[in-house]
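> Residue numbers (the numbering used here): 8 to 476.
I'd like to ask some things about the structure below.
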Ligand code: NAD
């Protein structure tokens, strides 16, 4: 799986296809489409052994129609300017689709994190933050990074710590980055948010009988055979929630190969096996599949690519057997492959919608950081007391005694994680319904409908600013 030199062109082709379904002026469409700013950085790293390496990195801010801009930072050798700009573009549309009031951005550091010690990674991350700060490419109201492929809560903690030491506005400093550890101002539910959102999005999609009938499928997740590529943050959590929802995980793929068992694979057992052996391969009861790419062609109802972009191309698209391709990763299906799959009647749930759970919950984290109060803190006990009054009144009228433990379970008020998950579920369900409505009205596929939805919302934001008629 290599980086795609023309990933940005692919995204722009998708934009152009959708733009034809709108009636905005050409100039406005061009403004919505182009990437506003790209900052390229090269800085030295003094390695643990005293040698010096030059590190290449980028931050792209695609659209400033809403501020701050928002998008993860990818740590991977395949990162390049084109990829970062493409991912920033997708972020703009993603935020618009799930009604998160941010513009799109993305960062990238061209390293393989596995080649560096923890201390080296910390120095790289802190220096990158410093470089962003010095050019006003980071800040709670400017541009707010988050984790992406190859980065996580640890890197976000280094970023907030560095930013805090540089800013003269300590009151809002925590909101300069999301995906932080809870102790550093993170929000409960963020780590699993993208994978959980993937599950909610698929569940909503397969709940519509007309879509399922057309593909000879029944509604619901229960019993749907599923293959997942990539068991990192997004893939693992998507697998976990799909399994809990009743899906049968028949194939799981990682960078060194895949495993297949038509009877189903238990995700927790596979993860435990990987921890013990260093690989998912040779999992008891499963057949090894030589490459991750081959796993994409396994027979299944739902295929979830959750690693990197460009894995389904015009070359392998004709051999994909899944009836639904659920894009958990960003850009896993190239524009040519998209056309082939659609022609073959495959239902594609697009990345711009499906993996928006991460940015949705990042938005909640940003709000929490700015308000300096944990979600549920003001309401939890109040809710519990009023629930208890209702349950007691009912119990008294029916002459039943409710044990204290049961009472607690029946009346508990919502905690932070409950509210975050509920907000995420609502966002994914309503956003899917909006896209579906457009797809039905315009007679398009879901990706085109999602782009139409995003273009219209960004156009409205420009109109509200009074910049364009
Ligand atoms: P991650 O680094 O946590 O996990 C990626 C996983 O993919 C790793 O386990 C890696 O070993 C595996 N992998 C690498 N090459 C592979 C291959 N050829 N075949 C199979 N597996 C392979 O990254 P992540 O955060 O889970 O991100 C995955 C995708 O989801 C990326 O496209 C990212 O842009 C997108 N995404 C992530 C988030 C988020 O919140 N983390 C949000 C939106 C989109």
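No residue lacks a Cβ here, since even glycine has one placed at the ideal position from N, Cα and C.
Can you tell me which residues form a DSSP beta bridge with residue 146?
For residue 146, which the question treats as bridged, DSSP gives the partners 150.
> Considering residue 259, what are the terminal residues of the beta strand (DSSP E) in which it resides?
Unbroken beta strand (DSSP E) run through residue 259: 255-261.
> If you drop the 5 nearest sequence neighbours on each side, which residues of the same chain put their C-beta closer than 6 Å to that of residue 326?
Answer for residue 326: 304, listed in chain order.
> Please tell me whether residue 62 and residue 131 are closer than 8 Å, where the distance is taken between their beta carbons.
Yes, the Cβ-Cβ distance between residue 62 and residue 131 is below 8 Å.
> Is the closest heavy atom of ligand 1 to the C-beta of residue 87 under 7 Å?
No - ligand 1 has no heavy atom lying nearer than 7 Å to the Cβ of residue 87.
> For residue 331, count neighbouring C-beta atoms within 10 Å of its own C-beta (all shown protein chains included) and say buried if the count is 16 or more, exposed if not.
Looking at its Cβ environment, which holds 16 or more other Cβ atoms inside 10 Å, residue 331 is buried.
> Can you give me the start and stop residues for the beta strand (DSSP E) that residue 222 sits inside?
Where residue 222 is concerned, there is no enclosing beta strand (DSSP E), given that its DSSP letter is neither H nor E.
> With a 10 Å radius around its C-beta and 16 neighbouring C-beta atoms as the bar for buried, classify residue 66 as buried or exposed.
Under this definition residue 66 is a buried residue.
> Given this structure, state the Cα-to-Cα distance separating residue 171 from residue 160, to the nearest angstrom.
Cα to Cα, residue 171 sits roughly 16 Å from residue 160.
> Can you tell me whether residue 249 is buried or exposed, with buried defined as 16 or more other CB within 10 angstroms of its CB?
With 16 or more other Cβ atoms within 10 Å, it is buried.
> Starting from the N-terminal side, write out each stretch of the alpha helix (DSSP H) that is 4 residues or longer and does not extend beyond the segment 115-180.
Fully enclosed alpha helix (DSSP H) runs of 4 or longer: 125-141, 160-173.
> Roughly how many whole angstroms lie between the Cα atoms of residue 466 and residue 29?
Computed Cα separation, rounded: 10 Å.
> Whole beta strand (DSSP E) runs in the segment 340-373 with 3 or more residues, listed along the chain?
Listed in chain order, they are 354-356.
> Looking at residue 373 and residue 99, is the spacing between their C-beta atoms short of 8 Å?
It is not a contact, given that the beta carbons lie outside the stated cut-off.
> Pull the bridge partners of residue 3 from the DSSP assignment, please.
Only positions 8 to 476 of the chain appear in the structure, and residue 3 is not among them; the question remains open.
> Assuming residue 232 and residue 216 form a contact by the criterion Cβ under 8 Å, report the distance between their Cβ atoms to the nearest whole angstrom.
Their Cβ separation, rounded to whole angstroms, is 20 Å, which puts residue 232 and residue 216 out of contact at 8 Å.
> What is the C-beta distance between residue 82 and residue 158, in whole angstroms, given that I count them as a contact (C-beta under 8 Å)?
That pair is a contact at about 5 Å.
> Less than 8 Å between the CB atoms is what I'm expecting for residue 183 and residue 151, so what's the real figure, rounded?
Right, the Cβ-Cβ distance comes to about 6 Å (below 8 Å), so this counts as a contact.
> What residues are listed by DSSP as bridge partners for residue 286?
Partner(s): none; residue 286 has no beta bridge.
> Specify, as a first and last residue, the run of the beta strand (DSSP E) that residue 264 falls within.
That run of the beta strand (DSSP E) goes 264-267.
> Which ranges would you report for the beta strand (DSSP E) in the segment 15-86 if only whole runs of at least 3 residues count?
The segment 15-86 contains these whole beta strand (DSSP E) runs: 44-53, 59-68, 76-82.
> Identify whether residue 426 lies in helix, strand or coil by the three-state DSSP scheme.
Three-state result, residue 426: helix.
> Could you tell me if the beta carbon of residue 92 falls within a distance shorter than 7 Å of some heavy atom in ligand 1?
Result no, Cβ not under 7 Å from ligand 1.
> Got a sec: does ligand 1 put a non-hydrogen atom nearer than 7 Å to the Cβ of residue 4?
Outside the modelled stretch of the chain, which goes from 8 to 476, sits residue 4, for which no answer is possible.
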